[in-house]
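In order, the protein sequence lines correspond to chains C and Y.
Mapped onto this note's numbering, the consecutive letters of the first sequence carry residue numbers 1 to 362.
Mapped onto this note's numbering, the consecutive letters of the second sequence carry residue numbers 1001 to 1441.
Ideal placement from N, C-alpha and C gives every residue a C-beta, glycine not left out.
Note that this is a predicted model, so its numbers are computed, not measured.
Working notes, beginning with the structure itself.
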Amino acid sequence: MKGLRLYLPPFAPDTSGAASVLYPLGGMVIIVDAGGCAGNICGFDEPRWQQNGSRSAVFSAGLRDMDAIMGRDDKLIEKIRQACLMFDPRFIALIGTPVPAVIGTDYHALTRMIQNAVHRPAIAIDSNGTQKYDQGGAKALLALSRMFAPKKERQRPANESQNGKQGTLGVLGLTPLDFTAKEAHRLISILHRQSWQDIRCYDRLEDFQQAGQFRKNLVVSPMGLPAARFFAAQFDIPYEVSIPAEFFEESAALSSIPSDSRVLIVHQQIFANSLRGFLRQKGHQGAICCATFFEQADQLAEKDDQLLEEEDSLCQFLQTEPFDYLAADELMLRALPDFHGHFIPLPHFAASGSPATAKISV
Amino acid sequence: MQDKKHPLPYSLTIKALSDLGPEQIPTELRTDTQLIYNSPAALDFNSPGAQGFGVKRAGLAVPGSIMMLIAPGCCGRNTKALQAPGGYGTRFAYLMLSENDIVTGKHLKKIPEAAEIFIHSRPTPPTVLMICITCVDALLGTDMDRICRQIEDRTAIPARPCYMYALTRESRLPPMTAVRQTVYSLLKPRKKRANQANLLGYFSPIAPDSELFALLQKLGIRHIGELACCKDFSDYEKLSAANFNLVLNPEARHAADWFRKTLNIPAIELKRLYEIDKIARQYEGFARIIGAELPAIPDRQEAETAQHEFCTMHPSIAIAVGSRLNADPFELALALVRAGLHVKEIYAIPLPSDFFYIRRLADCSPDTRLYTNLSPSMLNERESDHPVDLAIGADACYYHPHAAHVLWNEETQPFGYQAVCGLFRSMTQTMKARHREENAR
């Protein structure tokens, strides 16, 4: 049945994806909810709250039933105005939830009223809690790019290719929902070794403001694709969609896969595609299929790749297409009681909400 | 993020708050007038489901129950944490709503079929299916009682709605109050046992070493019913044989009222207190009400000794008391001050009903400062501006990472002299460990 989950809990929603992009940027992030959505984000999907103790101005709008019924946008604006007297946020960001979706909140008008009231840039992410994290993250990256990237055409900096260095690389989609802090650090180290002079992960507002000068963007999660396309159209900045093969080289489990075996990889599309590329580069001859419960761009998919819509889609697919190896988050095994092949754990926080453990981390 | 005009988080002295009175609680201390700060310190306020007992976990307190969450994915995301090993396993299922559903309410037609699939997926039939719904259905005005009847007709399994309506948190019947009644709603009238009482108010057990149990035994109450201690549904059904209920948490008053109206079981309220004299007086009053003579309770002596030992060893330390703990923060602060200790600050949201303690606290410790976890200004909080030696409560510990910590928020609920004794012993052990660490450095 559509929407029914007996074994797999919900994946990270669009609200969490948007919050993960906005968290480190120094803005005031307001989750337009009654409290529960904010609790899900800050208490579960945002490990930065818990792990390194860094504080961010992530607030709940604290909506109550009469606010929703009466549509008291003016009350929300007044709350934001009061909070701005305490801080100097660089921008205001609203993250939508099911409540404003049901009452049809006009975000365009709301952000204009906020800008007039507090004299700061305001953006709204029209997430509604029913979509997945990559859609919310994509909306947030695109909204930030549109708001803060310079309006004029790109100007290449003079020192871009000096000293054998390649200039500045932007990395789009590097959030804790897809990469642990350790993995992100490793990815950046690899990119530095590839002669990139400066790596910008769009985790500072300046990265968006200076994005017009970057030499290239690297998209490591589907949430980064719309922003990469925007920068390509606006500033003629090329983008590459992959995770470097070196990123996967430390995994002993992946190296143990026989080269003639049939492998199914379940993850976000770019991670899965990159892992497939790594295995083929290592000489894998057997079929490798990538499947995802998240966004699947047609132009990045091979013919047999699968978009999994429902919980039982994975089980049904495995019944029709037997695979020797399954590489996926361990959570998926709950929905696969009859899978008897080899399993390679491939943690994905956006799916399981479990921090990666050493045995699996690639 | 840089602080601007208020370098310090909002706070005021207890004396100032007492002078303002319950009618003029400052807007900075109210939850409906400002954005709500979402730090880990305030997590269980913003989303009770994220920590401790929220509606989802509470609804599963009935033995053999299962729950289906009817909501957008974002509402059920943190439920994964409840499914960790040792948790609630596969007792949860989800019917995830689409964008179309949340606007049109189309999902309502699917619920009975989804419920049937969920029930049939279980190795044994559940005792009840809890249907948990969220803000979306609050706004759509869904008649979930009717849908539960449809489920019962289709599956022959009882179904009950659990309203996880965060939007109605400050209404007459907030979600956590409503669910405290829902979990008893399967009880049916049965023959009363004169020597049985139920303990209402918590979803986890009262500490088994609390003197409350021995006291009740001495007063002739041989059978003590507790929802959290029911091993199976048969145990649960016996709760309706009680002669009276003891309400240990004010949030259970609505449930107690339901017991009185539906099962003809009256209730007596006992409060969790940390002031030893007040505990004694409460027990005296209780004995009077049930027409018995109060027996000697040796635990009082033990509590006094634990308190005395701590107060003698640490007479001048600065203490912060939070509200994410097994106590009423204002009552606990007053108890500590009356024991001779220095409560430097409290983290809590004052309600008009708290002024009973606030006024007394203002008389004996007027300079104690009150902070609220929920104020956006708490983002500006720096421990070095207001250090303390000992923090009690998860939120106070969050704001004072370098102080000695007593979380005092364990699931097993302390009560009576046992709570006083346990708290002071924890405080003593924590301070001893702290001194050992300091000496080692």
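Please confirm whether residue i and residue j have their CB atoms less than 8 Å apart.
{"i": "Y:R1193", "j": "Y:N1243", "result": "yes"}
{"i": "Y:C1162", "j": "Y:I1131", "result": "yes"}
{"i": "C:G96", "j": "C:N116", "result": "no"}
{"i": "C:L279", "j": "C:I257", "result": "yes"}
{"i": "Y:K1080", "j": "C:P47", "result": "no"}
{"i": "Y:M1164", "j": "Y:I1117", "result": "no"}
{"i": "C:S60", "j": "C:I31", "result": "yes"}
{"i": "Y:L1139", "j": "C:V219", "result": "no"}
{"i": "Y:C1135", "j": "C:P98", "result": "yes"}
{"i": "Y:M1068", "j": "Y:L1095", "result": "yes"}
{"i": "C:I265", "j": "C:I237", "result": "no"}
{"i": "Y:L1012", "j": "Y:P1026", "result": "yes"}
{"i": "C:Q209", "j": "C:G167", "result": "no"}
{"i": "Y:I1102", "j": "C:T130", "result": "yes"}
{"i": "Y:N1195", "j": "Y:G1225", "result": "no"}
{"i": "C:L172", "j": "C:A228", "result": "yes"}
{"i": "C:L63", "j": "C:A38", "result": "no"}
{"i": "C:K75", "j": "C:D67", "result": "yes"}
Could you pull out every residue in the same chain whose Cβ sits closer than 6 Å to the Cβ of residue i, ignoring the five residues on either side in sequence?
{"i": "Y:Y1442", "result": "Chain Y is shown from 1001 up to 1441; residue 1442 of chain Y falls before or after that span and cannot be answered."}
{"i": "Y:P1175", "result": "V1055, Y1163, M1164, Y1165"}
{"i": "Y:I1119", "result": "T1155, I1157"}
{"i": "Y:P1480", "result": "Given that chain Y is displayed from residue 1001 to residue 1441, the structure contains no residue 1480 of chain Y and the question cannot be resolved."}
{"i": "C:E295", "result": "D134, P222"}
{"i": "C:V362", "result": "Residue confidence is low: C:V362 scores 40 on pLDDT, short of 50, so the model does not pin down where it sits. Its coordinate-derived value is still stated next. The answer, listed in chain order, is F248, S251."}
{"i": "Y:S1210", "result": "F1415, G1416, Q1418"}
{"i": "C:S352", "result": "D329, L331"}
{"i": "Y:V1406", "result": "I1392, S1426, M1427, T1430"}
{"i": "Y:K1015", "result": "A1362, P1366"}
{"i": "C:A158", "result": "Here C:A158 scores only 45 on pLDDT, less than 50, and its place in the model is too uncertain to base an answer on."}
{"i": "Y:H1308", "result": "none"}
{"i": "C:M113", "result": "I77"}
{"i": "C:A122", "result": "I92, T111, I114, Q115"}
When you compare each of the options to residue i by their alpha carbons, which one comes out closest?
{"i": "Y:I1265", "options": "Y:L1239, Y:A1339, Y:A1280, Y:E1251", "result": "Y:L1239"}
{"i": "C:L141", "options": "C:L8, C:V21, C:D304, C:L331", "result": "C:V21"}
{"i": "Y:H1435", "options": "Y:F1355, Y:I1268, Y:C1074, Y:H1314", "result": "Y:H1314"}
{"i": "C:R262", "options": "C:E295, C:M332, C:G104, C:F343", "result": "C:F343"}
{"i": "C:C84", "options": "C:A109, C:D74, C:M28, C:T105", "result": "C:M28"}
{"i": "Y:R1300", "options": "Y:F1310, Y:I1319, Y:I1289, Y:K1278", "result": "Y:K1278"}
{"i": "C:P226", "options": "C:G286, C:A297, C:Q281", "result": "C:A297"}
{"i": "C:S242", "options": "C:Q234, C:Q268, C:A252, C:P347", "result": "C:Q268"}
{"i": "Y:P1123", "options": "Y:C1075, Y:I1066, Y:K1106", "result": "Y:I1066"}
{"i": "C:A245", "options": "C:Q281, C:V266, C:A228, C:S352", "result": "C:Q281"}
{"i": "Y:K1344", "options": "Y:N1249, Y:E1411, Y:H1402, Y:A1396", "result": "Y:A1396"}
{"i": "C:S189", "options": "C:E206, C:L169, C:L177", "result": "C:L169"}
{"i": "C:T111", "options": "C:I77, C:Y7, C:R204", "result": "C:I77"}
{"i": "C:R81", "options": "Y:F1092, Y:V1103, Y:D1389, Y:L1035", "result": "Y:L1035"}
{"i": "C:A335", "options": "C:Q213, C:E310, C:M66, C:P355", "result": "C:E310"}
{"i": "Y:P1401", "options": "Y:D1389, Y:T1412, Y:W1408", "result": "Y:D1389"}
{"i": "Y:H1254", "options": "Y:L1351, Y:K1109, Y:K1106, Y:A1178", "result": "Y:A1178"}
{"i": "Y:D1232", "options": "Y:L1215, Y:A1093, Y:P1126, Y:T1142", "result": "Y:P1126"}
{"i": "C:G71", "options": "C:Y107, C:D178, C:W49", "result": "C:Y107"}
Within the same chain, show all residues whose beta-carbon is closer than 8 Å to that of residue i, passing over the 5 residues directly before and after it, in chain order.
{"i": "Y:Y1274", "result": "A1327, E1331, L1332, A1335, L1336, A1419, V1420, L1423"}
{"i": "C:Q51", "result": "A181"}
{"i": "Y:N1409", "result": "G1052, R1324, L1325, N1326, G1393, A1394"}
Where DSSP assigns a beta bridge to residue i, which residues make up the other side?
{"i": "C:E240", "result": "C:L218"}
{"i": "C:I199", "result": "C:L169"}
{"i": "Y:T1177", "result": "In the DSSP output, where bridge partners are listed per residue, Y:T1177 has none listed."}
{"i": "C:S60", "result": "C:I31, Y:I1036"}
{"i": "Y:V1343", "result": "Y:I1319"}
Got a sec? Which residues, its chain only, sit under 7 Å from residue i by beta carbon, not counting five neighbours each side?
{"i": "Y:D1385", "result": "L1008"}
{"i": "C:I360", "result": "For C:I360, the predicted model reports a pLDDT of 40, less than 50, meaning its position is unreliable; a value from the coordinates is still stated below. Once the five neighbours on either side are set aside, the close Cβ partners of C:I360 are P345, L346, P347."}
Q.
Please give me, in chain order, every unbroken run of the beta strand (DSSP E) with length at least 3 that falls completely inside the segment 1404-1432 of chain Y.
A. Counting whole runs of 3 or more residues, the segment 1404-1432 of chain Y contains the beta strand (DSSP E) stretches 1404-1406.
**Q.** Residue ranges of each beta strand (DSSP E) within the segment 266-303 of chain C, 3 or longer
**A.** Runs of the beta strand (DSSP E) inside the segment 266-303 of chain C: 288-292.
Q. Which residues, in chain order, does the segment 1165-1180 of chain Y contribute to contact with chain D at a C-beta distance below 8 Å?
A. Included in the structure are the protein chains C and Y, with no chain D among them.
(Q) At 4 residues or longer, what runs of the alpha helix (DSSP H) sit wholly inside the segment 1274-1340 of chain Y? (A) Runs of the alpha helix (DSSP H) spanning 4 or more residues and lying entirely within the segment 1274-1340 of chain Y occur at 1276-1289, 1299-1313, 1329-1338, in chain order.
**Q.** alpha helix (DSSP H) runs contained entirely in the segment 308-354 of chain C, provided each spans 4 or more residues
**A.** If we require 4 residues or more, the alpha helix (DSSP H) runs fully inside the segment 308-354 of chain C come out as 311-320, 349-352.
(Q) Threshold first: 3 residues or longer. Then list the beta strand (DSSP E) segments lying entirely within the segment 1079-1157 of chain Y, N to C. (A) With a minimum length of 3 residues, the continuous beta strand (DSSP E) runs that stay inside the segment 1079-1157 of chain Y are 1092-1096, 1128-1133.
Q.
Which runs of the beta strand (DSSP E) at least 3 residues long sit entirely within the segment 1159-1227 of chain Y? Give them in chain order.
A. Fully enclosed beta strand (DSSP E) runs of 3 or longer: 1159-1163, 1196-1200, 1223-1226.
Q. Which parts of the segment 64-130 of chain C are runs of the beta strand (DSSP E), unbroken and 3 residues or longer, counting only runs that do not cross its ends?
A. Qualifying beta strand (DSSP E) stretches, in chain order: 92-95, 122-125.
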